[in-house]
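Working notes, beginning with the structure itself.
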Amino acid sequence: MNAIEEVVAGAGGALAGQLWKVATLVLAFLLLVVGAGAGTGWWLASTARDKALTDLKAEQGVNAELRAGITTQNTAILAQAKLAREAEARGDAARQAAAVSGRRFDQALQQLAGAQATGCADAMPYVNQLLEKVR
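If you read the sequence shown in the numbering used here, its first letter stands for residue 57, the second for the next number, and so on.
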């Protein structure tokens, strides 16, 4: 072997030893970058999850309030419907009572249809009779 070959072989061996060191450093740097990226992604996902859970709890509270309001409203509507039915029944009873009173008044007027009075004293017996029949 000549001297040039020995220098090249020595330089190649030294260069090969240096390549492993450089490759190790590059791989370590890539591992650090990938690890930091993964950690950041994991942290971001965790933060987003925590925020989503907080928002969910807030929305569940609002949902519960709305459901309570709807229940209160439905209860009021049912009570109003019951009151309306009762009022309708009272109205029907009042209409029937008015019809009966109207018929009694009409009958009393027919019975007094031929009555004639010239003064207040002559009219009072007819008025009293009308009031008695209407009562």
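Where a beta carbon is used, it is the ideal one built from N, C-alpha and C, also for glycine.
These numbers were taken from a predicted model, which means no experiment stands behind them.
Would you tell me roughly how many angstroms separate the C-alpha atoms of Ile133 and Glu121, rounded to the nearest one? 18 angstroms
Please state whether DSSP places Thr174 in a helix, a strand or coil. coil
Close beta carbons around Gly95, own chain, < 6 angstroms, minus the five adjacent residues each side: none
Below 7 angstroms between beta carbons: does that hold for Ala164 and Lys189? yes
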